[in-house]
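Residue numbers (numbering that gives the first Met the number 0), protein chains in the order written: chain A, 0 to 152; chain B, 0 to 152. Even for Gly, the Cβ is constructed at its ideal location relative to N, Cα and C.
Number of protein chains: 2
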Amino acid sequence: MPAKTTESPVRLAAETWESLFRAQVAVMRKLQAAPAFKALALNEYDVLFTLSRCPSGWLRLNELNDKVLLSQSSLSRLVERLEKRGLVERTPAPEDGRGILIRLTDAGRDLQKQIGREHVRDIAALVGPALSAAEQQELLRLTEKLRAAVSVR
Amino acid sequence: MPAKTTESPVRLAAETWESLFRAQVAVMRKLQAAPAFKALALNEYDVLFTLSRCPSGWLRLNELNDKVLLSQSSLSRLVERLEKRGLVERTPAPEDGRGILIRLTDAGRDLQKQIGREHVRDIAALVGPALSAAEQQELLRLTEKLRAAVSVR
DNA sequence: GGTCGATAGATGCAAACGCATCTAAATCGG
DNA sequence: CCGATTTAGATGCGTTTGCATCTATCGACC
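#1: For residue 62 of chain B and chain A, any beta-carbon pair shorter than 8 Å?
#2: Do residue 23 of chain B and residue 20 of chain A have their C-beta atoms closer together than 8 Å?
#3: Alpha carbon to alpha carbon, what distance is there between residue 60 of chain A and residue 102 of chain A?
#4: If we call anything under 8 Å between Cβ atoms a contact, is residue 138 of chain B one with residue 15 of chain A?
#5: Assign residue 4 of chain A to one of three DSSP states: helix, strand, or coil.
#6: Counting Cβ pairs, one atom from each stretch, are 3 or more of them under 8 Å apart for the stretch 71-91 of chain A and the stretch 35-51 of chain A?
#7: Identify each residue in the stretch 132-144 of chain B for which the Cβ-Cβ distance to at least one residue of chain A is less than 7 Å, and report them in chain order.
#8: Please check if any C-beta of chain B sits within less than 8 Å of the C-beta of residue 148 of chain A.
#9: Report yes if the C-beta distance between residue 134 of chain A and residue 130 of chain B is below 8 Å; otherwise report no.
#10: Nearest to residue 62 of chain A by alpha carbon, out of A/99, A/121, A/93?
#11: By DSSP, does residue 136 of chain B sit in helix, in strand, or in coil?
#12: Is it the case that the Cβ atoms of residue 85 of chain B and residue 106 of chain B are separated by a distance below 8 Å?
#13: Pick out the complete beta strand (DSSP E) segments inside the stretch 54-104 of chain B, 3 residues or longer, and give them in chain order.
#14: Quick check on the DSSP output: the alpha helix (DSSP H) that includes residue 51 of chain B runs from which residue to which?
#15: Quick one: what does DSSP say residue 127 of chain B is sitting in, helix, strand or coil?
#16: With 8 Å as the threshold, decide whether the Cβ of residue 93 of chain A is near any Cβ in chain B.
#17: I want to see whether chain B comes within less than 8 Å of residue 29 of chain A, judged by CB atoms only; does it?
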């Protein structure tokens, strides 16, 4: 396929985004269908995952909201569900009477790890054969740069 | 930031996917908030867009379903809504009594073009400043390669 | 040609979603 | 220090979503 992307900057950006988006859809399709997500919706897993990556273990609800593609109200109720299932804990934020802090329970951490292992295998099975290591590193670099630039403020 | 990605292939693939996914979330956040999507949800726009890109103008429902991250039933009802709004048309497929064909109406095409213009501007404003033209081309190439590899069969 | 599994799409239903709004706490300005 | 604005999160409500299932047609095979 010839590179027809020397057209206009606007067009190049649009095509780049569309390609990124379609790739995300294609991969996500496969991942969602995996048995790892019988127990937990992807958004729910994403919250557990994000909490597991947090150094202090605690995250504010609004911090979580930056990571996940959900409205504030939906995230609020999603966390409520996770709490009912005993996967996360809530505490009023000590320094801000409006806020709440969330962290994984032991059960939540276990479930995240278990699903995470399967999930990582699924990802590797999809992405590994598709791109060389060097290409993956470059894709990682570019998407990280894009995310950082878009997320300013 | 040092490249810690020379670890294992599995880990590299997982980090690459996570970075791609987060970038997608970050960009999508901004795009969804744009005034272009007051009139039409993103999934709905995506269907109109896909139809507008189709050479024959007609698409089967199941072909459409490959492009969009929606279940079959959700897409069925989404198209139903678009039809009620006069944006798409349905016809029984001539060669397959089970299938239906969908295409844009004139109103649908107009709306897609109108939103599309705004949308492309929004994308360019986000992606353009984030990556150089060469980087965008490389990102386009890598995501297209990934999508193609994942979509086989 | 008739039966049988597979495929396309529609539909009932409960769960999840976003928007608008509400309450309460923090921050700002005088 | 007090009223006004902003911010964090919860909640009512109508809409959208996915799962399971249903109907109808297609294709394969005997």
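In this structure, then:
#1: The residue labelled residue 62 of chain B in the question sits at position 63 within the second sequence. Answer no: the Cβ-Cβ gap between residue 62 of chain B and chain A never drops below 8 Å.
#2: Residue numbering aside, residue 23 of chain B sits at position 24 when the second sequence is read from its first letter. Residue numbering aside, residue 20 of chain A sits at position 21 when the first sequence is read from its first letter. In this structure, residue 20 of chain A lies closer than 8 Å to residue 23 of chain B by Cβ.
#3: On the first sequence, position 103 is the one that residue 102 of chain A refers to. On the first sequence, position 61 is the one that residue 60 of chain A refers to. C-alpha separation (whole angstroms): 10 Å.
#4: Position 139 of the second sequence, counting from 1, holds the residue named residue 138 of chain B. Position 16 of the first sequence, counting from 1, holds the residue named residue 15 of chain A. Result yes, Cβ atoms of residue 138 of chain B and residue 15 of chain A sit closer than 8 Å.
#5: To locate residue 4 of chain A, count along the first sequence from 1; it is residue 5. A caution first: residue 4 of chain A carries a pLDDT of 46, below 50, which makes its placement in the model unreliable, though a value can still be read off. Looking at residue 4 of chain A - three-state DSSP - the assignment turns out to be coil, as it is neither helix nor strand.
#6: yes
#7: 132, 134, 135, 136, 137, 138, 139, 141, 142, 143, 144
#8: If you number the first sequence from 1, residue 148 of chain A lands on position 149. Closer than 8 Å: yes.
#9: To locate residue 134 of chain A, count along the first sequence from 1; it is residue 135. To locate residue 130 of chain B, count along the second sequence from 1; it is residue 131. No, Cβ-Cβ distance for residue 134 of chain A and residue 130 of chain B is not below 8 Å.
#10: Along the first sequence, one-based indexing puts residue 62 of chain A at 63. The candidate whose alpha carbon is nearest that of residue 62 of chain A is A/99.
#11: Reading the second sequence from its first residue, position 137 is the one you call residue 136 of chain B. Residue state, collapsed to three classes: helix.
#12: Position 86 of the second sequence, counted from the start, is the residue given in the question as residue 85 of chain B. Position 107 of the second sequence, counted from the start, is the residue given in the question as residue 106 of chain B. Going by C-beta atoms, residue 85 of chain B is nearer than 8 Å to residue 106 of chain B.
#13: 87-91, 99-103
#14: Within the second sequence, numbered from 1, the residue matching residue 51 of chain B stands at position 52. Where residue 51 of chain B is concerned, the enclosing alpha helix (DSSP H) stretches over 41-52.
#15: Translated into the one-based positions of the second sequence, residue 127 of chain B becomes position 128. Three-state result, residue 127 of chain B: coil.
#16: As a working mapping, residue 93 of chain A is identified with position 94 in the first sequence. Taking Cβ atoms only, chain B never reaches closer than 8 Å to residue 93 of chain A, which makes this a no.
#17: Position 30 of the first sequence, counted from the first residue, corresponds to residue 29 of chain A. Yes, residue 29 of chain A counts as interfacial toward chain B.
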